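Chains as they are written, first to last, in our numbering: chain H, 1 to 213; chain R, 214 to 426.
Written out below as structure tokens is the structure these notes cover.
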């Protein structure tokens with residue numbers, strides 16, 4: 001068991017009430033880091049539902065709310081999902097373009113995805129491709145969701161399966177749904193620090209391309 | 214001038230300091246609504262930069278941070294952008310599929326986009342399509358950004374230009390960049406309430422498709 005630190009905005013488990021002090025968005029965003037190794041500490045389902053509730057408030061193309069979530073806590077289901085994903089990952093890693101392959105190597109990323117069985121919860125996020133801007137809207141909602149996860153001291157990784165159309169079937173989802181991501185959810189046991197970001201100012205142009213703000 | 218209400222997390226203009234009480238993510242998400250009519254009240258550039266800073270903390274495919282932002286406050290530039298967008302909107306509205314056309318009509322949405330000149334600031338968001346998951350990562354970052362805008366009491370609309378490849382040129386952006394959205398930013402003068410969302414529970418399946426949580 002890994003100790004879980006209580007942070008602002010985290011529900012106090014001993015009293016069951018929320019700590020009223022909450023973090024500014026920039027604090028959540030800056031603190032939040034990708035996690036590939038999860039503690040065995042169980043996750044309170046109410047915390048996960050809170051995050052879905054947040055995501056479901058997101059705007060979407062013509063307000064069609066194209067997202068669907070599959071919440072997986074059954075170990076047998078998780079094992080099947082991992083198997084289906086790793087099969088496709090093997091294909092990717094055999095044929096990856098050199099630049100990305102180099103990055104995978106530098107980060108120790110292989111075709112193996114243990115977090116798909118080790119995280120207490122998997123949340124598959126799908127989008128109805130019949131809806132306008134289905135993928136864009138759904139990723140915006142994922143942005144909402146991962147800030148909410150951070151607020152509850154939960155960690156995740158926006159894992160995008162390779163060849164998602166071959167993984168969709170393991171969830172039994174209809175053909176018109178695109179499997180956008182699988183979010184493993186739990187408390188982090190990953191010692192890796194957050195990946196560095198460019199200074200945000202360097203991503204801004206003023207009025208036209210290449211003019212600095 | 215429309216009165217601007219100070220909300221938790223909003224910087225107090227008289228003292229220049231932040232109000233330390235900040236809102237929970239669910240409060241920001243629930244409160245936030247799409248705005249198409251903006252007050253003439255000027256926007257503090259520091260607030261906009263705060264939101265870009267938040268967006269730039271988002272995770273992205275292989276941490277490539279594919280997003281670029283063009284911050285437009287020059288009225289002449291805004292007029293050119295509006296003109297370029299409306300030209301493409303006319304094309305869309307002439308050939309829109311009936312379902313979406315009906316929705317446009319019910320919401321009073323036409324080819325005219327006055328918010329592109331009326332909002333004090335436009336923030337164009339582009340993604341480098343050479344990067345992995347460029348569009349997905351950029352929309353996740355937009356999700357971060359619009360929660361940050363709400364925290365600063367600023368409103369926006371995730372306006373997606375029709376035929377964005379024909380609008381990109383007005384920004385002078387290179388070909389490999391996709392114009393994902395133009396966010397008009399300002400204080401809301403839009404009386405419309407937030408569009409209703411489905412109950413979030415109805416978007417969740419448990420373990421497999423069609424099983425309820």
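Yeah, the Cβ is synthetic: ideal placement off N, Cα and C, and Gly gets one too.
These numbers were taken from a predicted model, which means no experiment stands behind them.
| Check | Outcome |
| --- | --- |
| Exposed or buried, which one is residue 10 of chain H when buried takes at least 16 other CB atoms within 10 Å? | Below a pLDDT of 50, predicted positions are generally treated as unreliable, and residue 10 of chain H, at 46, falls in that range; the measurement from the model is reported next regardless. That one is buried. |
| Could you work out which residues of chain R lie near residue 70 of chain H, taking near to mean beta carbons separated by less than 8 Å? | 417, 418, 419, 420, 421, 422 |
| State buried or exposed for residue 210 of chain R, treating a residue as buried only when at least 16 other CB atoms are found within 10 Å of its CB. | Because residue 210 of chain R is not part of the residues shown, which for chain R are 214 to 426, the question remains open. |
| Who are the near neighbours of residue 337 of chain R in its chain, counting only those whose CB is closer than 6 Å to its CB and skipping five residues on each side? | 283, 384, 395 |
| Going by beta carbon distance, what residues of the same chain come within less than 8 Å of residue 43 of chain H, once the five residues before and after it are set aside? | 120, 121, 154, 185, 186, 187 |
| Classify residue 321 of chain R as buried or exposed, calling it buried when 16 or more other Cβ atoms lie within 10 Å of its own Cβ. | exposed |
| Can you confirm whether residue 128 of chain H, when its beta carbon is compared against all beta carbons of chain R, has any partner nearer than 8 Å? | no |
| Using a beta-carbon distance cut-off of less than 8 Å, what residues from the stretch 40-73 of chain H approach chain R? | 49, 50, 52, 53, 54, 55, 56, 57, 58, 59, 61, 62, 63, 65, 67, 68, 69, 70, 71, 72, 73 |
| Which of helix, strand or coil does DSSP assign to residue 318 of chain R? | helix |
| Just the C-alpha distance for residue 104 of chain H and residue 349 of chain R, rounded to the nearest angstrom, thanks. | 19 Å |
| Measuring only the C-alpha atoms, how far is residue 422 of chain R from residue 169 of chain H? | 10 Å |
| For a contact meaning CB atoms closer than 7 Å, what does residue 235 of chain R contact in chain H? | 22, 23, 24 |
| At what residue ranges does the stretch 270-328 of chain R contain a whole run of the beta strand (DSSP E), taking only runs of 3 or more? | 280-285 |
| Apply the 10 Å Cβ neighbour rule to residue 258 of chain R and answer buried if 16 or more other Cβ atoms are within range, or exposed otherwise. | exposed |
| From residue 339 of chain R to residue 354 of chain R, what does the alpha carbon distance come to, in whole angstroms? | 11 Å |
| In terms of residues, what are the limits of the alpha helix (DSSP H) holding residue 127 of chain H? | It is not in any alpha helix (DSSP H) - residue 127 of chain H instead sits in the beta strand (DSSP E) that spans 121-128. |
| Helix, strand or coil, according to DSSP, for residue 388 of chain R in the structure here? | coil |
| Let me check understanding here. Comparing Cα to Cα, which of R:250, R:249, R:272 lies closest to residue 28 of chain H? | R:272 |
| Measure from the C-beta of residue 121 of chain H to each C-beta in chain R and report whether the shortest distance is under 8 Å. | no |
| Quick one: does residue 251 of chain R have its CB under 8 Å from some CB of chain H? | no |
| Hey, could you find the ends of the beta strand (DSSP E) residue 204 of chain H is sitting in? | 204-206 |
| Would residue 323 of chain R be called buried (16 or more neighbouring beta carbons within 10 Å of its own) or exposed? | exposed |
| Using only alpha-carbon positions, find the residue among H:176, H:205, H:35, H:160 that is nearest to residue 88 of chain H. | H:160 |
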